[in-house]
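S.K.: Line by line, the protein sequences are chains A and B. Take any residue in the first sequence, note its place counting from 1, add 29, and you have its number in my numbering. Take any residue in the second sequence, note its place counting from 1, add 293, and you have its number in my numbering. Every residue, glycine too, gets a C-beta built ideally from N, C-alpha and C.
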Amino acid sequence: AMEATAGWRAGVVAGLLGRLGLVAYGLHQDGAMRVRYTDVDYRVFTDAARLVTEGRSPYGRATYRYTPLLAWLLTPNVYLAEVFGKLLFAAGDLTAAVVAYRALRLRGVAAGRAGGCCAAAWLLNPLPAAVSSRGNAEALVALLVLATLYWVEAGSVGKAALCYGLAVHLKIYPLTYALPIALRLRGGRDAGPGKKTFGGHLWQLFVKMLNRDVLLFGAVAGSVLAALTAAFYHLYGWEFLEHAYLYHLTRRDIRHNFSPYFYMLYLTAESKWSFALGLAAFLPQLLLLLVISIAFHRDLAFCCFLHTAVFVSFNKVCTSQYFIWYLCLLPLIMPSIKMSWRRGVLLLFLWFIGQGLWLAPAYFLEFEGYNTFLLVWLAGLLFLFINSLIIVQIISHYQKEAPVAKKLKEQ
Amino acid sequence: QAVLVPNAADVEAPEYSATELLVLLYMEPDPRCSRCFRASLPMHGRYHRPAEDSEEASVVLKSPEVLLCCCDNLLSTECWTPAEVEAPCSGKPNSPCQWYSTMHKSVPEELILQVPVGLRQHSSVVCVLTLLATGLCSSLILAAVCKHGHFS
């Protein structure tokens, strides 16, 4: 146990040093080379924070489509140093790893294994480190989502609801977790013996859903969200609603991205089928999310991971930032996936190959001006297929750990 | 140094629904030749409408307008025709400045930007294959969930 804790501490330190190194390198590249390391979004955050320090609305900065909380949080960018925000996101990153570790220990996973999973999948993973050091705020949402799952497992419904309300305020996608969390909070009680029809089973699931915990969760999360929305609406008016919420719900971006639907939506952007096709693209997502919630709500982390992986893969817009949304839950589910090392590495390799095969024609399209639309489209379809394969493999190799299953039976 | 009017550009909008922008570039004197000025502007093409037969849309880049700022009250012979542009002179950001059009001959060659566009003929094939692929992948995942999920 001593070795395990020492190893875990070493992992955290390594993650910290790696992120600090990347931030420092980013400062160098920004100053020295033409292609900036820092993401454009960070510039937008800093400008909005500057507006807030002058007492004006952060929405005065064009393309600022986030919550005012973020601009407020980053005001030290203006007062202290512009690098403050990146350090804050890196700290959020590391805290997310610590919360994931605690959540794994709560489930009964041995210290060494828990530390190893968190280190491999998050601390030493270059993707979250790069995203945070480039100045994207995804780490904060990841931290809030992990905290929500942790508090639900620990039984503190109020704290979980608080984190959940904040997470949804920051980014809309955690809204999809409402159904699994509600199903999980409703508890494992099932009515008496006897075969149930599928319809009877569904009736029982959804009608019996409203117990005290679920109502408490809904009330607290709803009030947090309502309070934040009302306060910011009072401060900034319609601009806040339009940029922070409505934009994300109605956005139609037809530029090339990883989504399999991109070329279809680009070609039909002005045709009469555009709305129907958008709806057709939404249906597989909806159906899969519903079925996954019903099938896996007992293991909340696994359910949320599948939710987000399906949501991102089948979404009409998909960029590499979105991968953080489900990568942050990977440490939590790794102990439950009984897969050989070789298979895991092969799937990871396939995932990167899928991205590479997309990035190559996309580079030629965007920077060299070749018409590679068909190749980009086919690469998008291939990437969807690879993602689906990985999700199917993860589901097939999922086995609940014995101690947790026993705990559920006791409820 | 550059000024964008209006100062917010919707970078996601396709070409047919984008609003016009005015870009003012302050030119630097070219050290290699006297009475020469230079400026350079990186360009990023927007998405154009999908086309019927050609794989690329041609955008003709017209010559920019060259304006003179006759500040410092230098009454040069070139400060005749005032231009209807409101922009500050560099170095005095808040005071309005009168800009004048110059009589200059632009270089005769036309600059044409080729922007790749999607082909309309592909629409039906792309729609059908995309929906088939997403249908297939979602069925695969659905099958796996139904097989391994805990529905009890």
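At least one CB of chain A closer than 8 Å to the CB of B:Val-438: is that the case?
M.R.: yes
S.K.: Which of the three DSSP states is assigned to A:Arg-142 in this structure?
M.R.: In the structure shown, A:Arg-142 sits in a helix (DSSP, three-state: H, G or I).
S.K.: Which residues, taken in chain order from the region 405-421 of chain B, show a beta carbon closer than 9 Å to some beta carbon of chain A?
M.R.: Leu-406, Gln-407, Val-408, Pro-409, Val-410, Gly-411, Leu-412, Arg-413, His-415, Ser-416, Val-419 and Cys-420
S.K.: Is the distance from the Cβ of B:Glu-345 to the Cβ of B:Val-410 below 8 Å?
M.R.: no
S.K.: Given a threshold of 16 other Cβ atoms within 10 Å of its Cβ, counted over all protein chains shown, does A:Val-138 qualify as buried or as exposed?
M.R.: buried
S.K.: Kindly give me the distance between the Cβ atoms of B:Ala-426 and A:Leu-413, rounded to whole angstroms, as I take these residues to be in contact under 8 Å.
M.R.: 6 Å
S.K.: Answer with yes or no whether the minimum CB distance from B:Cys-372 to chain A is below 8 Å.
M.R.: no
S.K.: Can at least three beta-carbon pairs, one atom from the region 166-174 of chain A and one from the region 296-316 of chain A, be found at a separation below 8 Å?
M.R.: no
S.K.: List the endpoints of the continuous alpha helix (DSSP H) containing A:Ile-415.
M.R.: 402-425
S.K.: Using 8 Å as the threshold, is the C-beta distance between A:Ala-330 and A:Leu-152 below it?
M.R.: no
S.K.: Suppose you measure from the CA of A:Arg-327 to the CA of A:Tyr-206; what does that come to, to the nearest Å?
M.R.: 13 Å
S.K.: Less than 8 Å between the C-beta atoms of A:Ala-168 and A:Gly-114, yes or no?
M.R.: no
S.K.: Report buried or exposed for B:Cys-362, applying the criterion of at least 16 other Cβ atoms within 10 angstroms of its Cβ.
M.R.: Counting every other CB atom within 10 Å of its CB across the protein chains shown gives B:Cys-362 a total of 16 or more, marking it as buried.
S.K.: Quick one: give me the first and last residue of the alpha helix (DSSP H) that A:Pro-360 is part of.
M.R.: 359-362
S.K.: From the beta carbon of B:Glu-379, is the nearest beta carbon of chain A less than 8 Å away?
M.R.: no
S.K.: Pick helix, strand or coil for A:Leu-109, following the three-state DSSP scheme.
M.R.: coil
S.K.: Counting only Cβ pairs nearer than 9 Å, list the residues of chain E close to A:Ser-425.
M.R.: The displayed structure is made up of protein chains A and B, and chain E is not among them.
S.K.: What residues in the region 379-408 of chain A have a beta carbon less than 8 Å from any beta carbon of chain B?
M.R.: Leu-394, Gly-398, Tyr-399, Asn-400, Thr-401, Phe-402, Leu-403 and Trp-406
S.K.: Please determine, among A:Tyr-54, A:Thr-96, A:Pro-87 and A:Leu-51, the residue with the shortest C-alpha to C-alpha distance to A:Leu-275.
M.R.: Ranking the options by Cα distance to A:Leu-275, first place goes to A:Thr-96.
S.K.: So for A:Asp-366, helix, strand or coil by DSSP?
M.R.: Strictly speaking, residue 366 of chain A in this sequence is Ile, with Asp absent from that position. A:Ile-366: strand per DSSP, three-state reduction.
S.K.: Taking a contact to mean a Cβ-Cβ separation below 8 Å, would you say A:Trp-387 touches A:Val-374 in this structure?
M.R.: no
S.K.: Keeping to the same chain, check which residues put their C-beta closer than 6 Å to that of A:Thr-297; ignore five residues upstream and five downstream.
M.R.: Ser-303 and Leu-306
S.K.: What's the call for A:Thr-177, buried or exposed, on a 16-neighbour Cβ count within 10 Å?
M.R.: Buried: at least 16 other Cβ atoms inside 10 Å.
S.K.: When every heavy atom of the ligand ADP is checked, does at least one fall within less than 7 Å of the C-beta of A:Ile-210?
M.R.: As presented, the structure is devoid of all ligands, the ligand ADP included, so that no description of it is given.
S.K.: For B:Val-359 and A:Ala-77, what's the separation of their Cα atoms in angstroms?
M.R.: 34 Å
S.K.: Is A:Gly-221 helix, strand or coil by DSSP?
M.R.: Confidence at A:Gly-221 is low in this model, with a pLDDT of 48, below 50, so the placement of that residue should be treated as unreliable; the coordinate-derived value is given next. Here A:Gly-221 sits in coil by DSSP.
S.K.: Tell me the rounded alpha-carbon separation between A:Phe-118 and A:Gly-164.
M.R.: 7 Å
S.K.: Do you know offhand how far B:Trp-373's Cα is from B:Asp-323's?
M.R.: Near 25 Å, if we compare the C-alpha coordinates of B:Asp-323 and B:Trp-373.
S.K.: Name, going along the chain, the residues of the region 273-297 of chain A whose beta-carbon falls closer than 7 Å to a beta-carbon of chain B.
M.R.: Asp-282, Ile-283, Arg-284, Pro-289, Tyr-290, Tyr-292, Met-293, Tyr-295, Leu-296 and Thr-297
S.K.: When you check each C-beta in the region 312-327 of chain B against every C-beta of chain A, which residues fall closer than 7 Å?
M.R.: none
S.K.: Classify A:Cys-192 as helix, strand or coil using the three-state DSSP reduction.
M.R.: helix
S.K.: Helix, strand or coil for B:Phe-330, going by three-state DSSP, please let me know.
M.R.: DSSP places B:Phe-330 in strand when its eight states are reduced to three.
S.K.: I need the boundaries of the alpha helix (DSSP H) containing A:Ile-323, first residue and last residue.
M.R.: 303-325
S.K.: At a cut of 8 Å, does the region 179-190 of chain A reach the region 377-395 of chain A through at least three beta carbon pairs?
M.R.: no
S.K.: Is the Cβ of A:Pro-87 closer than 8 Å to any Cβ of chain B?
M.R.: It does not; no Cβ of chain B falls within 8 Å.
S.K.: Using a Cβ-Cβ cut-off of 8 Å, state whether A:Ile-419 counts as contacting chain B.
M.R.: Chain B contact via Cβ: absent.
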